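Shown next, in structure tokens, is the structure this report addresses.
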Amino acid sequence: MSRLDSFIRRLTAQRDILNAISDLVDQVQGPVLEFGLGNGRTYDHLRERFPGRRIVAFDWEVRSYSASTPPADDMVTGNIRDTGQAFLGINAALAHADIGTGHDEIDAVTLTWLPQLMAGVLVHDGIAVSGLPLDHPDLSPLALPEGIKEGRYFLYRRK
Ligand SMILES: C[S@@+](CC[C@H](N)C(=O)[O-])C[C@H]1O[C@@H](n2cnc3c(N)ncnc32)[C@H](O)[C@@H]1O
1 MSRLDSFIRR LTAQRDILNA ISDLVDQVQG PVLEFGLGNG RTYDHLRERF
51 PGRRIVAFDW EVRSYSASTP PADDMVTGNI RDTGQAFLGI NAALAHADIG
101 TGHDEIDAVT LTWLPQLMAG VLVHDGIAVS GLPLDHPDLS PLALPEGIKE
151 GRYFLYRRK
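Using our numbering, the letters of the sequence shown correspond one by one to residues 1 to 159.
Okay, structure coming up:
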């Protein structure tokens with residue numbers, strides 16, 4: 001599969017999962033955390049899906065389009081590994097992390113801290129959506145929406 005096809009399938013999976021879990025998230029109170037704001041496309045989608053919900057976004061620095069940049073109070077800059085610690089116990093309804101790089105050695109380092117962070121920010125029954133697998137005893141895998149191949153994107157519910 002070409003890298004273009006792979007990219008498109010990954011983003012399609014991301015969007016389809018976020019759409020599919022909207023009803024689950026609607027049943028849980030709490031903010032939404034977007035780890036890896038990037039240029040803000042997914043942030044914009046989350047804003048559309050969850051109007052009225054506080055959405056806090058994280059990235060090394062702000063590089064998003066101005067129209068999809070969060071208000072300053074909801075934008076956290078720096079290494080998510082460190083900045084995320086202040087949000088442990090915030091009882092988020094949804095945490096989404098799109099911070100994989102496709103480089104196994106870099107992603108392996110991210111996976112030394114990301115599962116704990118995702119589990120730690122979520123409320124009971126909160127939803128974790130991730131581009132990297134999250135192996136954590138408090139996160140139960142959920143079935144992916146139809147048509148999304150296993151391993152393309154990852155979906156969990158907080159125990
Ligand atoms: C694939 S992009 C996210 C794209 C985003 N979903 C969008 O709609 O544009 C990943 C982002 O995560 C950020 N990122 C990755 N690891 C990070 C870390 N440890 N701390 C802060 N930001 C990180 C990168 O800077 C990049 O902007």
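The beta-carbon is built from N, C-alpha and C at its ideal position, and this holds for glycine as well. Given the structure is predicted, the values throughout are model-derived calculations rather than measurements.
Pairwise C-alpha distance: residue j and residue i
| i | j | result |
| --- | --- | --- |
| Thr83 | His136 | 20 Å |
| Pro145 | Asp98 | 18 Å |
| Asp44 | Leu24 | 19 Å |
| Arg63 | Ala93 | 25 Å |
| Ala119 | Arg41 | 24 Å |
| Ser80 | Phe58 | The displayed chain sequence assigns Ile, not Ser, to residue 80. So the alpha carbons of these two residues sit roughly 7 Å apart. |
| Glu61 | Gly38 | 9 Å |
Strand pairing of residue i, partner residues [DSSP]
| i | result |
| --- | --- |
| Asp59 | Thr77 |
| Ser140 | Arg157 |
| His96 | Glu34, Val129 |
Beta-carbon separation (whole angstroms), residue i vs residue j, contact threshold 8 Å
| i | j | result |
| --- | --- | --- |
| Pro141 | Tyr156 | 6 Å |
| Arg134 | Gly100 | The sequence as given places Leu at residue 134; Arg does not occur at that position. About 11 Å; that fails the 8 Å criterion. |
### Task
With a cut-off of 5 Å, give the chain-ordered residues whose Cβ is closer than this to any heavy atom of ligand 1.
Gly36, Gly38, Asn39, Arg41, Thr42, Asp59, Trp60, Asn79, Ile80, Asp98, Ile99
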